[in-house]
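Peer 1:
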Amino acid sequence: MKLNLYQGTATIIVTLLGSGIFIVPALSATYSGWMALLLWLLMALLILPVAFVFGKLGKLYPSAGGSAYFVENAFGKTFGKITSLLYLSIIPIGPPVVIITGAAYLADAFNTTNLIPFIILMSLIIFVLNLISFHISSNINIFITSIIVLLVSVFFIMSLFQKFQITPHQLNLIKTMGIIFWCFVGIEAITHLSHEFKKENDFFKAIIIAIIIVALMYMAATFSVLVFNAYGDESKNLSSFSIIASKLFPFAKTITGIIAFLICLMAVNLYIASLTRLATTFKILFKKALSIIVITVLSISLLKVIFDFNIDLLIIYSNGVFVTVYFLVSLSALKLLKNKKTALLAVFSMGVIIFTIGFDMVYAVIVFLLLLAFQKRG
1 MKLNLYQGTA TIIVTLLGSG IFIVPALSAT YSGWMALLLW LLMALLILPV AFVFGKLGKL
61 YPSAGGSAYF VENAFGKTFG KITSLLYLSI IPIGPPVVII TGAAYLADAF NTTNLIPFII
121 LMSLIIFVLN LISFHISSNI NIFITSIIVL LVSVFFIMSL FQKFQITPHQ LNLIKTMGII
181 FWCFVGIEAI THLSHEFKKE NDFFKAIIIA IIIVALMYMA ATFSVLVFNA YGDESKNLSS
241 FSIIASKLFP FAKTITGIIA FLICLMAVNL YIASLTRLAT TFKILFKKAL SIIVITVLSI
301 SLLKVIFDFN IDLLIIYSNG VFVTVYFLVS LSALKLLKNK KTALLAVFSM GVIIFTIGFD
361 MVYAVIVFLL LLAFQKRG
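Using this note's numbering, the letters of the sequence shown map in sequence onto residues 1 to 378.
(1) On the DSSP letters alone, give me the boundaries of the alpha helix (DSSP H) that T112 sits inside.
(2) Using 8 Å as the threshold, is the region 175–190 in touch with the region 239–253, meaning 3 or more CB pairs across them?
(3) Taking 9 Å as the threshold (C-beta atoms), are A267 and S89 in contact?
(4) T101: which of V149, T167, V214 and L27 sits nearest, CA to CA?
(5) Please report how far the alpha carbon of P95 lies from the alpha carbon of L124, in whole angstroms.
(6) Kindly indicate which residue of A29, S67, L285 and T15 has the alpha-carbon position closest to the one of I140.
(7) DSSP three-state label for F52, please.
(8) Buried or exposed, going by whether 16 or more other CB atoms sit within 10 Å of the CB of A44?
(9) Can you tell me whether DSSP reads F197 as helix, strand or coil?
(10) Check for me: the alpha helix (DSSP H) holding T356 runs from which residue to which?
(11) Sort A373, K335, E188 and Y317 by Cα distance to F359 and report the nearest one.
(12) Leaving out five residues on either side along the sequence, give the residues of the same chain with a beta carbon under 7 Å from the beta carbon of A29.
(13) Grab me the residues of A279's own chain with a C-beta within less than 6 Å of its C-beta, minus the 5 sequence neighbours each way, in chain order.
(14) Report yes if the C-beta distance between V71 and S332 is below 9 Å; otherwise report no.
(15) For L336, which three-state DSSP category applies?
(16) Spell out the partners DSSP gives L3 in its beta bridges.
(17) Whether or not the region 336–345 and the region 154–170 are in contact is what I'm after, with contact meaning three or more pairs of Cβ atoms, one per stretch, closer than 8 Å; do they touch?
(18) What whole-angstrom Cβ distance do K2 and K205 have, given they're in contact under 8 Å?
(19) Mind checking which residues open and close the alpha helix (DSSP H) that includes P25?
(20) Between the region 319–334 and the region 105–119, do three or more beta carbon pairs fall short of 8 Å?
(21) So for F261, helix, strand or coil by DSSP?
(22) Please report the distance separating the alpha-carbon of L216 from that of L151.
(23) If Y31 and T176 are in contact, beta carbons under 8 Å, what's the gap, nearest whole angstrom?
(24) Please list, in chain order, all residues of the same chain as Y326 whose beta carbon is under 6 Å from its beta carbon, the five residues on each side excluded.
(25) Pick helix, strand or coil for F251, following the three-state DSSP scheme.
(26) Starting from S63 and walking both ways along the alpha helix (DSSP H), at which residues does that stretch end?
(27) To the nearest whole angstrom, what separates the beta carbons of V154 and C264, a pair I think is in contact under 8 Å?
(28) What residue range does the alpha helix (DSSP H) around N237 cover?
(29) When the Cα atoms are used, what is the spatial distance from N201 to K236?
(30) In chain order, what are the residue ranges of uninterrupted beta strand (DSSP E) at least 3 long that sit wholly in the region 279–326?
(31) Alpha carbons only, please: which of K56, P168, S63 and I93 is nearest the one belonging to I379?
(32) Just the C-alpha distance for S240 and V294, rounded to the nearest angstrom, thanks.
(33) Note the first and the last residue of the continuous alpha helix (DSSP H) segment covering Y231.
(34) Do you know how far the Cα of A260 is from the Cα of A109?
(35) Buried or exposed: S63, going by 16 or more other Cβ atoms within 10 Å of its Cβ?
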């Protein structure tokens, strides 16, 4: 079964909102206060030309290889393979963020601080979902997307009727921009599934519509978090929506926690689906690839809980990998697309984001150089 425009748009929205909507608005408020609202708008403008590039390339070069396939067509098999492996290097640092966030909300819904049972539960469900038709989970995405848009809209409308003050805040604009970028990664994940759309044009349309809706949702969520003061430390940041819900409606904390869990579940499900499909391009059997990925994600998630290191580290290093992949795809677009202006804008946007992230690119740079050296030696 192929995806239609509504299923595809809902799938991308779920991917981009994912765990991000439940933690990053609070993180951005923590680092930059009210200035975060402007930074969300700026990042949305920067990512839009990149979304256009992915949309165009996905239409012209539909493939399970996704980003790597674009790079391969532009610069050859060596860089295509490096891009694939670089993208796969996200497995131990990206999906665990989504798993941990979903588990934290579900644990909060049941008034417990023990995340381990919920992390294991999410991993098992994800494994089963990936063995089921992707078409089935995409229909679930439409329902989940409707719920989250409704939830954020209610929080935003209610926040407009609250008394609040815009007070000075210590700013860390660069770190905020880096954290915000996390919420716009996911375009490349759906690109791996571009060949599963019924109509070629639907893939391009779905990406653009989703980017616009997602940007508005994040700004509305950040405004609500600021108004209700649902931010400040990792504990509050990981349960910001539950804090807002508990101030508005009775029993809303439990309902919000369950909704957050479901949305994180569907988001990480898509990521693992795309990573598994990419792994199969290296002639690894689907079930074997899926098992390795799920076990890796589960292990890192448990280590984070056991050793209690800052979840920001996972987000920051993940961003470096995504930025590198996006930059390579944008450079590929200069060779592959007739419209060079869009490609140039995408390259410029990614250059600005690389400058913003700075030293936090270290994980991605090391992995990229190691892969390049290995490929040359091979």
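Every residue, glycine too, gets a C-beta built ideally from N, C-alpha and C.
None of the values given here were measured: they were computed from a predicted structure.
Peer 2: Short version:
(1) From DSSP, T112 is part of no alpha helix (DSSP H); its letter is neither H nor E.
(2) Between the region 175–190 and the region 239–253, the count of C-beta pairs closer than 8 Å stays below three; the two stretches do not touch.
(3) The Cβ-Cβ distance between S89 and A267 does not fall below 9 Å.
(4) Of the candidates V149, T167, V214 and L27, the residue whose Cα lies closest to the Cα of T101 is L27.
(5) Their Cα atoms are separated by approximately 14 Å.
(6) Checking every option, the nearest Cα to that of I140 belongs to T15.
(7) F52 falls in the helix class under three-state DSSP.
(8) By the Cβ-count criterion, A44 is buried, with 16 or more other Cβ atoms from all chains shown falling within 10 Å of its own Cβ.
(9) Here F197 carries a strand assignment [DSSP, helix/strand/coil].
(10) Unbroken alpha helix (DSSP H) run through T356: K340 to I357.
(11) Comparing alpha-carbon positions, the option among A373, K335, E188 and Y317 lying closest to F359 turns out to be Y317.
(12) So the qualifying residues of the chain are A36, T222, V225, L226 and Y231.
(13) For A279, where only same-chain residues beyond five positions count, the Cβ hits under 6 Å are A289.
(14) One thing to note: V71 has its Cβ within 9 Å of the Cβ of S332.
(15) In this structure, L336 counts as helix in the three-state DSSP scheme.
(16) Bridge partners of L3: F197.
(17) The region 336–345 and the region 154–170 do not touch, with fewer than three beta-carbon pairs separated by less than 8 Å.
(18) Actually they are not in contact, since the Cβ atoms of K2 and K205 sit about 15 Å apart, beyond 8 Å.
(19) In the DSSP annotation of this structure, the continuous segment of the alpha helix (DSSP H) that includes P25 starts and ends at G20 to S32.
(20) No, the region 319–334 does not touch the region 105–119.
(21) In the structure shown, F261 sits in a helix (DSSP, three-state: H, G or I).
(22) In this structure, the straight-line span from the alpha carbon of L216 to that of L151 is close to 13 Å.
(23) Correct: roughly 4 Å between the Cβ atoms.
(24) Cβ within range, chain order: V50 and M350.
(25) Here F251 sits in coil by DSSP.
(26) Bounds of any alpha helix (DSSP H) do not take in S63, whose DSSP letter is neither H nor E.
(27) That belief does not hold up - the Cβ atoms of V154 and C264 are roughly 19 Å apart, past 8 Å.
(28) N237 -> alpha helix (DSSP H) spans E234 to N237.
(29) C-alpha separation (whole angstroms): 41 Å.
(30) Within the region 279–326, no run of beta strand (DSSP E) at least 3 residues long lies entirely inside it.
(31) What the structure shows of the chain is the stretch from 1 to 378, and residue 379 is not part of that stretch, so it cannot be assessed.
(32) Distance between S240 and V294, taken at the CA atoms: about 27 Å.
(33) Neither: Y231 is in no alpha helix (DSSP H) and is coded neither H nor E.
(34) So the two alpha carbons sit approximately 10 Å from each other.
(35) By the 10 Å Cβ count, S63 comes out buried.
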